[in-house]
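Okay, so here's the structure we're looking at.
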Amino acid sequence: GDSVTQMEGPVTLSEEAFLTINCTYTATGYPSLFWYVQYPGEGLQLLLKATKADDKGSNKGFEATYRKETTSFHLEKGSVQVSDSAVYFCALSDRSQAGTALIFGKGTTLSVSS
Amino acid sequence: ETGVTQSPTHLIKTRGQQVTLRCSSQSGHNTVSWYQQALGQGPQFIFQYYREEENGRGNFPPRFSGLQFPNYSSELNVNALELDDSALYLCASSPPAGADTQYFGPGTRLTVL
C-alpha cells in the first residue's frame, strides 16, 4: 500500500540555519502531497501542499517541490527561527478506496536554538 | 471564520468503558475525517464521513464507529475501550470538491486506565 518515509529526528539547528527535512513516498496513482506542522499540545496545521508533479508548495518561508521522478517532497526553509520548533509531518492523499485518507510519515522533530 | 473544534479536550476512561468524542467542522466544509495519533507517531486514518455516511475506513475494528449530522458535525464512538486506545484523536474537515485538503482540530486526548 501507499506509504511515506521521513528522515528521523530530532533535527537540531541554530537560528538562521538552513533546514531540509527529507520525505519520500510510495504510491499508486498520483497523490497530492502535504506538509503539516504540530506544535506541542496542539493539533496539526496545514503548512503547504502540492497536487501534481513539479508543483511547488510554499508558505511562511517553507517550500517543497513535488518530484515524481524521485518520489520525493523534501521540506526546506532558508533561515529557521526559534518559533519553527515543532514536529513536521509529510503526508499523501490515498484515493485507492472510497473517501480520501491522508497517510502520514512518523514525523520529524525540529528544535531551533537562539 | 471558525475552524474545526473538538470536545472534550481531555478524557480519562477505564478499560471496557465506552466513549464519545465530538467534532464541529469548519464553516462550509461537508466532509469529516477522524484520525488516531499514538504518542510519538503520525496520525492513522480511522474513517471519513460524507453526506452522513461512512465513506472510507482504515484498519480499525468495528468497535470504532461514527456519525455525521445534517450540520456536518460528527461523533466518534469507541466501545469496549482497551489500554492501546490511549491516544490523541484528531478530527479534520474538508471543503466540497476538496477532500484531499484536510484541516485539523486541536484533538481530544484520551487516556484509558
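Top line first, the protein sequences correspond to chains A and B.
Residue numbers for the first sequence follow the working numbering, beginning at 6 and rising by one.
Residue numbers for the second sequence follow the working numbering, beginning at 61 and rising by one.
Virtual Cβ for every residue (Gly too), placed ideally from N, Cα, C.
- Could you have a look at residue 127/B and say whether DSSP puts it in helix, strand or coil? Indexing the second sequence from 1 puts residue 127/B at position 67. In this structure, residue 127/B counts as strand in the three-state DSSP scheme.
- Task: Tell me whether residue 129/B is buried or exposed, calling it buried when 16 or more other Cβ atoms sit within 10 Å of its Cβ.
- Result: For the purposes of this step, residue 129/B is taken as residue 69 along the second sequence, with counting starting at 1. It is exposed - the Cβ of residue 129/B has fewer than 16 other Cβ atoms within 10 Å.
- Message: Just verifying my parser: in three-state terms, what is the DSSP assignment at residue 99/B?
- Response: Numbered from 1 along the second sequence, position 39 holds the residue referred to as residue 99/B. Assignment of residue 99/B by DSSP, reduced to helix, strand and coil, places it in the coil class.
- Message: Let me check one thing: in DSSP terms, what residues is residue 52/A bridge-paired to?
- Response: Working through the first sequence from its first residue, we reach residue 52/A at position 47. Residue 52/A is not bridged to any residue.
- Task: Per DSSP, which residues does residue 62/A bridge with? Please list them.
- Result: Walking along the first sequence from the start, residue 62/A turns up at place 57. Paired residue(s): 69/A.
- Message: Here's the rule: buried if 16 or more other CB atoms are within 10 angstroms of the residue's CB, otherwise exposed. What is residue 91/B?
- Response: Position 31 of the second sequence, counting from 1, holds the residue named residue 91/B. Residue 91/B should be labelled buried.
- Query: So, is residue 154/B buried or exposed, given that buried needs 16 or more other C-beta atoms within 10 angstroms?
  - Reply: Reading the second sequence from its first residue, position 94 is the one you call residue 154/B. Residue 154/B comes out buried.
- What is the DSSP secondary structure of residue 87/A, counted as helix, strand or coil? Within the first sequence, numbered from 1, the residue matching residue 87/A stands at position 82. DSSP places residue 87/A in helix when its eight states are reduced to three.
- Query: Which bits of chain A does residue 159/B rub up against, with CB to CB less than 9 Å?
  - Reply: Taking the first residue of the second sequence as 1, we reach residue 159/B at position 99. Chain A residues near residue 159/B: 98, 100, 104 and 105.
- Item | Separation of residue 98/B from residue 113/A, as counted between CA atoms | In the first sequence, counting from the first residue as 1, residue 113/A sits at position 108. In the second sequence, counting from the first residue as 1, residue 98/B sits at position 38. Going by the C-alpha atoms only, they are around 15 Å apart.
- Anything in chain B within Cβ reach of residue 51/A, meaning under 8 Å, just list it in chain order. Residue 51/A sits at position 46 when you count from the first residue of the first sequence. For the C-beta of residue 51/A, the chain B residues within less than 8 Å are, from N- to C-terminus, 161, 162, 163 and 164.
- Could you tell me which of 132/B, 131/B, 108/B and 100/B sits nearest to residue 124/B, measuring between CA atoms? Here the question's residue 124/B lines up with position 64 in the second sequence. Selected option, being the one with the closest Cα: 108/B.
- residue 101/B at chain A interface by Cβ criterion, 8 Å: The sequence position of residue 101/B within the second sequence is 41, counting from 1. Chain A contact via Cβ: present.
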